[in-house]
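Residue numbers (this note's numbering), protein chains in the order written: chain A, 8 to 121; chain B, 7 to 115. Positions of the beta carbon are idealized from the N, C-alpha and C atoms, including for glycine.
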Amino acid sequence: DTAVSQTPKYLVTQMGNDKSIKCEQNLGHDTMYWYKQDSKKFLKIMFSYNNKELIINETVPNRFSPKSPDKAHLNLHINSLELGDSAVYFCASSPRWPRINIQYFGAGTRLSVL
Amino acid sequence: LAKTTQPISMDSYEGQEVNITCSHNNIATNDYITWYQQFPSQGPRFIIQGYKTKVTNEVASLFIPADRKSSTLSLPRVSLSDTAVYYCLVGEESYQLTFGKGTKLSVIP
């Protein structure tokens, strides 16, 4: 069983479209995260939820909206996609905020905006 | 939040021991040191975490000198499958969210 799973693995879309990426973890963790890894390979935190509550909201365009229906799921919706949104997006989870200790990452979603 | 500095890249032959050093001069009293490994097209994977002295697990060892201003990840007898990017993170448990560029390790046959 995959601990942190993201769908889709690849996403190719046109500028201006709206898309969503889904993430699920079966580890029983309380905290989930979204990271963005750009072409230069920097991995940057975007959002974090703890027990469905938003606890970290970095400087990210408000076209990006995370949603956590329950503590096992954290989805990322992106409106009006732009070329600069092309990147790999990683979901992660950790046992209990603020004790992160170890984060478990999904395999990533490669988003290409044309 | 302590800033970390790592070499951008390293090359090693198969079977050798590889040591990757991370500098963190501004490390604070409550900060832990954590290393992650990232293979191409995969998410980062936790390798090891320490606070002081030496920590060893089945994958690697982490050496932390008394002043804690640096740390060294040691990978024994690397193989081709150890080719990856290695990230050093420093911070209190709740702030280990900043990944730098990491060190790209290339293992050569």
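Close-in-space but distant-in-sequence residues of the same chain around A/Ser119 (CB under 8 Å, 5 per side omitted):
Tyr17, Leu18, Val19, Thr20 and Ser93
Quick test of your reading: B/Ser80 and B/Ala90, contact by CB under 8 Å. State the CB separation rounded to the nearest angstrom.
Contact flag wrong, Cβ pair sits at about 15 Å.
At which residues does the beta strand (DSSP E) containing A/Ser75 begin and terminate?
That run of the beta strand (DSSP E) goes Phe71 to Asp77.
Where does A/Gly91 sit, in a helix, a strand or coil, going by DSSP?
The answer is helix: DSSP assigns A/Gly91 an H, G or I state.
Does DSSP classify A/Leu121 as helix, strand or coil?
coil
Listing by chain order, which chain B residues have their CB less than 7 Å from the CB of A/Gly113?
Gly49
Any C-beta of chain A sitting closer than 8 Å to the C-beta of B/Phe52?
yes
Based on Cα-Cα distance, which residue from A/Lys74, A/Phe49 and A/Tyr96 lies nearest to B/Ile14?
A/Phe49
DSSP on B/Leu86, reduced to helix/strand/coil?
In the three-state reduction of the DSSP assignment, B/Leu86 falls in the helix class.
Comparing C-alpha positions only, which one of B/Arg74, B/Pro115, B/Asp17 and B/Val24 sits nearest to B/Asn36?
B/Arg74
The region 66–94 of chain B: positions lying closer than 9 Å to chain A by Cβ:
Val91 and Tyr93
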